[in-house]
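Take my numbering: the last position of the sequence shown gets the number 292, and nothing is skipped along the way. Where a beta carbon is used, it is the ideal one built from N, C-alpha and C, also for glycine. Contents: one structure, followed by commentary.
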Amino acid sequence: MSGPLDDIVATIAETAPDVRGGLAGRRVYESGANPSGETQLAADVYADELLAERLLGVEGVSAYASEERGSVRHSDGNGDGAYRVAVDPLDGSSNLRSNNAMGTLFAVYDEPLPAPGAAVVASGFVLYGPITTMVVARDGTVTESVVEDDGTRRVVDPDLTLPDEPTVYGFGGRVPQWSNAFAAYVEAVESELKLRYGGAMIADVNQVLTHGGVFGYPGLADRPEGKLRLCFEGHPIAHVVESAGGASSNGDRSLLACTPGGLHDRTPLFVGDERYIERLEAALSG
Ligand code: P6P
């Protein structure tokens with residue numbers, strides 16, 4: 007007997023082949039921009055529309071929000087559903103033109119959006135890499151599956167946990183815009199780990215989940231809040247990584263302890279090995 011959370015996850019998995027199948031013909035930019043002022047690819051809009059329609063049709067879902075939309079869309083039929091889904095339909099879509107990995111990222115909340123991180127009850131992502139995989143975090147456990155062409159899932163890791171031995175790191179933003187404290191932290195990290203940065207958070211964090219290490223996109227001199235959105239990137243990826251035994255931070259505390267003022271608020275974002283997150287917070291606290 008499946009419940010609403012199972013149905014939400016299944017709907018995203020079943021939509022993944024349609025999203026992936028629609029990428030090739032949608033590498034062109036739309037005339038508009040998303041609420042964060044970023045240019046939109048036709049693929050961004052296509053994935054968002056597919057996911058909105060299908061997720062709002064799930065019994066128990068009362069609202070859908072996405073990085074591509076200015077406001078929350080409420081369902082008609084089941085407006086009193088317990089669950090609200092926040093989605094980054096195509097995280098890293100700028101990688102489409104260079105044919106590099108990207109993904110769909112989601113968080114399910116049991117409070118109205120924008121909600122505190124503590125209201126996240128499930129999270130995960132679909133990674134469109136050489137194969138399509140799906141990672142889901144629920145009830146403290148992270149499951150990794152291969153998503154087949156028909157949208158069914160084949161579990162490949164029923165209990166995905168961050169490797170004890172960290173190996174890789176990846177940090178976004180232009181180096182001249184990093185704070186001196188962050189630059190000093192990175193100088194130590196780069197003497198210990200290997201650089202893996204590909205411009206799509208989901209793919210980069212999946213490297214961390216696979217090989218151990220740390221990923222981040224810091225606050226910058228010209229953008230103190232950083233680039234990534236708390237609702238659509240911070241909360242879901244923090245919920246996944248913390249559920250896998252890692253840690254997250256905005257530089258000061260867990261991203262799941264953060265509450266956005268607005269739906270598209272940005273945040274500095276760090277996830278990965280607890281020891282590297284602790285060192286980061288110490289480095290930035292000075
Ligand atoms: P930059 C993709 O646009 C994204 O939102 C994240 O997926 C990714 O980590 C970051 O921005 C990449 O930003 O500045 O390296 O292009």
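Quiz item: So residue 163 is in the beta strand (DSSP E); what residue range does that whole segment cover?
Solution: For this step, residue 163 is matched to residue 157 along the sequence shown. Following the DSSP letters along the chain, one finds residue 163 inside the beta strand (DSSP E) bounded by residues 159-163.
Quiz item: Would you say residue 215 and residue 239 are within 8 Å of each other, going by their C-beta atoms?
Solution: Sequence index remark: in the sequence shown, residue 215 carries index 209 (1-based). Sequence index remark: in the sequence shown, residue 239 carries index 233 (1-based). No. Outside cutoff.
Quiz item: In chain order, which continuous runs of the beta strand (DSSP E) of length 3 or greater are located wholly inside the stretch 231-290?
Solution: 253-255 and 275-278
Quiz prompt | Contained beta strand (DSSP E) runs [length at least 3] in the stretch 111-151, N- to C-terminal order | solution = Fully enclosed beta strand (DSSP E) runs of 3 or longer: 126-134 and 138-144.
Quiz item: Mapping DSSP to helix, strand and coil, what is residue 108?
Solution: Taking the sequence shown and counting its residues from 1, one reaches residue 108 at position 102. Reduced to three states, the DSSP call for residue 108 is strand.
Exercise. Could you check what DSSP says for residue 206 in three-state terms: helix, strand or coil?
Key: On the sequence shown, residue 206 is found 200 positions in, with the first residue counted as 1. It is coil, neither helix nor strand.
Practice problem: For residue 80, write down the residues that DSSP places opposite it in a beta bridge. | Solution: In the sequence shown, counting from the first residue as 1, residue 80 sits at position 74. According to DSSP, which records beta bridges pairwise, residue 80 is partnered with 69.
Quiz item: Is any heavy atom of the ligand P6P found at a distance shorter than 7 Å from the C-beta of residue 206?
Solution: By one-based count along the sequence shown, residue 206 stands at place 200. Flag set: Cβ of residue 206 near the ligand P6P.
Quiz item: Any chance the CB of residue 240 is under 7 Å from a heavy atom of the ligand P6P?
Solution: Indexing the sequence shown from 1 puts residue 240 at position 234. Answer for residue 240: no, Cβ out of range of the ligand P6P.
Quiz item: By Cβ distance, which residues of its chain are closer than 7 Å to residue 151, with the 5 residues on each side in sequence left out?
Solution: Looking up residue 151 in the sequence shown gives position 145. Excluding residues within five positions, the ones whose Cβ falls inside 7 Å are 139, 140, 159, 160, 161 and 162.
Quiz item: Just the Cα atoms here: how many angstroms apart are residue 235 and residue 254?
Solution: Here residue 235 corresponds to residue number 229 of the sequence shown, with the count starting at 1. Here residue 254 corresponds to residue number 248 of the sequence shown, with the count starting at 1. Using only the alpha carbons, I get a separation of about 14 Å.
Quiz item: Buried or exposed: where does residue 53 fall if 16 or more other Cβ atoms within 10 Å of its Cβ makes it buried?
Solution: Counting from 1 along the sequence shown, the entry for residue 53 is found at position 47. With 16 or more other Cβ atoms within 10 Å, it is buried.
Practice problem: Locate the beta strand (DSSP E) running through residue 174, then write down its first and last residues. | Solution: In the sequence shown, counting from the first residue as 1, residue 174 sits at position 168. That run of the beta strand (DSSP E) goes 174-177.
Quiz item: Helix or strand or just coil, what does DSSP make of residue 100?
Solution: For this step, residue 100 is matched to residue 94 along the sequence shown. Helix.
Quiz item: By DSSP, does residue 92 sit in helix, in strand, or in coil?
Solution: Indexing the sequence shown from 1 puts residue 92 at position 86. Strand.
Exercise. Report the residue from 9, 39 and 72 whose alpha carbon sits nearest the alpha carbon of residue 269.
Key: As a first step, residue 269 is located in the sequence shown; it is residue number 263 there, counting from the start. If we check each option's Cα against that of residue 269, 72 comes out closest.
Quiz prompt | Beta-carbon proximity list for residue 33, same chain, < 8 Å, skipping 5 on both sides | solution = In the sequence shown, counting from the first residue as 1, residue 33 sits at position 27. 47, 48, 49, 102 and 103, listed in sequence order.
Exercise. Would you tell me roughly how many angstroms separate the C-alpha atoms of residue 260 and residue 114, rounded to the nearest one?
Key: Position 254 of the sequence shown, counted from the first residue, corresponds to residue 260. Position 108 of the sequence shown, counted from the first residue, corresponds to residue 114. Taking the straight line joining both Cα atoms gives about 18 Å.
Quiz item: With distances taken between CB atoms, is the gap from residue 64 to residue 14 smaller than 8 Å?
Solution: Looking up residue 64 in the sequence shown gives position 58. Looking up residue 14 in the sequence shown gives position 8. Yes, they are a contact pair.
Quiz item: residue 20: which of 122, 157 and 59 sits nearest, CA to CA?
Solution: Counting from 1 along the sequence shown, the entry for residue 20 is found at position 14. With distances taken between Cα atoms, residue 20 lies closest to 157.
Self-check item: Own chain, CB closer than 7 Å to residue 217, minus 5 neighbours either side, in chain order
Solution: Position 211 of the sequence shown holds residue 217. The beta carbon of residue 217 sits closer than 7 Å to those of 169, 173 and 174, all from its chain and outside the five residues before and after it, given in chain order.
Quiz item: Would you say residue 236 touches the ligand P6P, meaning its beta carbon is less than 7 Å from a heavy atom?
Solution: The residue you call residue 236 lines up with position 230 of the sequence shown. The answer is no for residue 236.
Quiz prompt | Straight-line Cα distance separating residue 37 from residue 165 | solution = The residue given as residue 165 occupies position 159 in the sequence shown. The residue given as residue 37 occupies position 31 in the sequence shown. Roughly 43 Å between the two C-alpha positions.
Quiz item: Looking at C-alpha atoms only, which residue of 271, 286 and 289 is the closest neighbour of residue 76?
Solution: For the purposes of this step, residue 76 is taken as residue 70 along the sequence shown, with counting starting at 1. Cα-wise, what sits closest to residue 76 is 271.
Quiz item: DSSP on residue 167, reduced to helix/strand/coil?
Solution: If you number the sequence shown from 1, residue 167 lands on position 161. Coil, per DSSP.
Quiz item: What span of residues does the alpha helix (DSSP H) with residue 51 cover, start to end?
Solution: Translated into positions along the sequence shown, residue 51 becomes position 45. Judged by DSSP secondary structure, residue 51 falls within the alpha helix (DSSP H) whose first and last residues are 48-62.
Quiz item: For residue 223, is the beta carbon positioned less than 7 Å from some heavy atom of the ligand P6P?
Solution: Walking along the sequence shown from the start, residue 223 turns up at place 217. Checking every heavy atom of the ligand P6P against the Cβ of residue 223, one is found closer than 7 Å.
Practice problem: Please classify residue 44: does DSSP put it in a helix, a strand, or coil? | Solution: Within the sequence shown, the letter at position 38 stands for residue 44. Note: residue 44 maps to coil in three-state DSSP.
Quiz prompt | Cβ-based neighbour list, residue 106, same chain, cut-off 8 Å, excluding 5 preceding and 5 following | solution = As a working note, residue 106 is residue 100 in the sequence shown. Excluding sequence neighbours, residue 106 sits near 98, 204, 205, 206 and 209.
Exercise. Could you check the C-alpha separation between residue 281 and residue 82 for me, to the nearest Å?
Key: By 1-based counting over the sequence shown, the position of residue 281 is 275. By 1-based counting over the sequence shown, the position of residue 82 is 76. Between residue 281 and residue 82, the C-alpha separation is close to 46 Å.
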